[in-house]
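J.: Read in order, the letters of the sequence shown correspond to residues 17 to 198 in my numbering. Built from N, CA and C at the ideal position, the CB exists for glycine as well. Once you've had a glance at the structure underneath, I'll fire off some questions.
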Amino acid sequence: MVTSPAAELTEQAAVTDWPQRILLVLLTVAVICLAIGALRWGWRNRVRRQGLALPPAPEDVLRRAAALPSAPGSYIGTVLRGRLIERVAAGGTRAAADVVVGDFGVLVERQGEPPLLIDASAIGGLHVVPGVLQRHFGSHGVLLVDWVWSGTEVSSALWFPDPTDQATTRHSIERTHLEGVA
Numbered sequence: 017m018v019t020s021p022a023a024e025l026t027e028q029a030a031v032t033d034w035p036q037r038i039l040l041v042l043l044t045v046a047v048i049c050l051a052i053g054a055l056r057w058g059w060r061n062r063v064r065r066q067g068l069a070l071p072p073a074p075e076d077v078l079r080r081a082a083a084l085p086s087a088p089g090s091y092i093g094t095v096l097r098g099r100l101i102e103r104v105a106a107g108g109t110r111a112a113a114d115v116v117v118g119d120f121g122v123l124v125e126r127q128g129e130p131p132l133l134i135d136a137s138a139i140g141g142l143h144v145v146p147g148v149l150q151r152h153f154g155s156h157g158v159l160l161v162d163w164v165w166s167g168t169e170v171s172s173a174l175w176f177p178d179p180t181d182q183a184t185t186r187h188s189i190e191r192t193h194l195e196g197v198a
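Here is the structure:
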């Protein structure tokens with residue numbers, strides 16, 4: 017019987033060594049699980065080493081913030097001040113957020129994460145940088161709010177898709193919390 021070349025290309029070889037194949041699959045799954053476990057262990061150690069814990073936002077602040085206008089954006093993360101690649105693990109990771117500025121400070125209401133309250137008395141500065149945490153964020157950059165968290169100087173990065181929202185938030189923070197600060 018003569019077979020055509022096309023028929024030869026569509027045939028598959030039968031698996032002859034099932035135990036070896038299963039062992040390789042299980043070994044691959046084990047290596048992936050170990051890698052994920054190591055990442056999780058490293059993240060927990062970073063949280064413990066930095067010694068910072070996210071305090072819950074008071075209910076009265078959440079109520080007052082609900083009555084104020086918010087700007088949609090993204091919380092990029094919190095870094096040690098002046099070290100834009102040294103993430104503060106307790107601050108959480110990137111999340112969509114609504115940013116509210118009031119006399120209480122800056123409330124970052126993150127989706128899927130607890131809200132981050134930057135207390136008015138802790139705010140020390142404000143500036144725009146092109147990127148943070150090894151990522152560039154477009155032409156209008158990232159808004160960095162410098163503040164003191166439990167005695168540690170940090171900067172929280174906020175990015176707004178609309179440059180006018182960023183400018184409005186920046187002016188609100190400057191007017192409300194930084195007038196008269198040298």
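1) Within 8 angstroms, do at least three Cβ pairs link the segment 102-118 to the segment 66-84?
2) Please classify LEU105: does DSSP put it in a helix, a strand, or coil?
3) Whose C-beta lies closer than 7 angstroms to the C-beta of ALA136 among residues of the same chain, with five residues either side of it excluded?
4) So what does DSSP say about GLU190, is it helix, strand or coil?
5) Let's see if you can read the secondary structure: which residues bound the beta strand (DSSP E) around LEU88?
6) Helix, strand or coil, according to DSSP, for ALA198 in the structure here?
7) Take VAL145 and list the residues in its own chain whose beta-carbon comes closer than 6 angstroms to its own, dropping the five residues that flank it on each side.
8) Quick check: the segment 180-190 against the segment 82-90, are at least 3 beta-carbon pairs closer than 8 angstroms?
9) Can you check which of these residues, ARG191, PHE153 and SER172, is closest to ASP178 by C-alpha distance?
10) Scan the segment 122-185 and note each continuous beta strand (DSSP E) run of 3 residues or more that stays entirely inside, going in chain order.
11) PRO130 to VAL115, Cα distance in whole Å?
12) Where ARG60 and LEU50 are concerned, what is the direct C-alpha to C-alpha distance, given to the nearest angstrom?
13) Below 8 angstroms CB to CB, which residues in the same chain sit around GLN127 once its five sequence neighbours on both sides are set aside?
14) With ILE91 and LEU174 assumed to form a contact (beta carbons below 8 angstroms), what rounded beta-carbon distance in angstroms separates them?
15) Quick one: residues in its chain with C-beta nearer than 6 angstroms to the C-beta of VAL124, no 5 flanking neighbours on either side, listed in chain order?
16) Are ILE139 and TRP165 touching if we call contact CB-CB under 8 angstroms?
17) By alpha-carbon positions, which one of LEU100, GLN28 and LEU96 ends up nearest to VAL63?
18) DSSP on GLY118, reduced to helix/strand/coil?
19) Looking at VAL77: is its Cβ nearer than 8 angstroms to the Cβ of ILE189?
T.: This is what the structure gives:
1) Touching, yes, given that three or more Cβ pairs across the two stretches are closer than 8 angstroms.
2) The sequence shown places Ala at residue 105, not Leu. Here ALA105 sits in helix by DSSP.
3) Counting only Cβ-Cβ distances below 7 angstroms, and skipping sequence neighbours, we find ASP119, PHE120, GLY121 and HIS193.
4) GLU190 sits in a helix when the DSSP states are folded into three classes.
5) One detail in the question is off: residue 88 reads as Pro in this sequence, not Leu. For PRO88, the enclosing beta strand (DSSP E) covers residues 87-96.
6) Because the pLDDT of ALA198 is 44, which lies under 50, any placement of that residue in the model is unreliable, and the question is left without a value.
7) Excluding residues within five positions, the ones whose Cβ falls inside 6 angstroms are GLY157, VAL158 and LEU160.
8) Judged by Cβ distances under 8 angstroms, the segment 82-90 makes contact with the segment 180-190, as three or more pairs qualify.
9) Answer by Cα proximity: PHE153.
10) Complete beta strand (DSSP E) runs here, min 3: 132-135, 139-145, 158-165 and 168-175.
11) Taking the straight line joining both Cα atoms gives about 13 angstroms.
12) If I take the Cα positions, the gap works out to 15 angstroms.
13) Within the same chain, GLN127 has close Cβ partners ALA111, ALA112 and ALA113.
14) A small correction: the amino acid at residue 91 is Tyr; Ile does not occupy that position in the sequence shown. About 6 angstroms separates the Cβ atoms of TYR91 and LEU174, confirming a contact at the 8 angstroms cut-off.
15) Excluding residues within five positions, the ones whose Cβ falls inside 6 angstroms are TYR91, ALA113, VAL115 and LEU132.
16) No, these two residues do not count as a Cβ contact at 8 angstroms.
17) Closest option to VAL63, Cα to Cα, is LEU96.
18) Here GLY118 carries a strand assignment [DSSP, helix/strand/coil].
19) Note that the C-beta distance between VAL77 and ILE189 is not below 8 angstroms.
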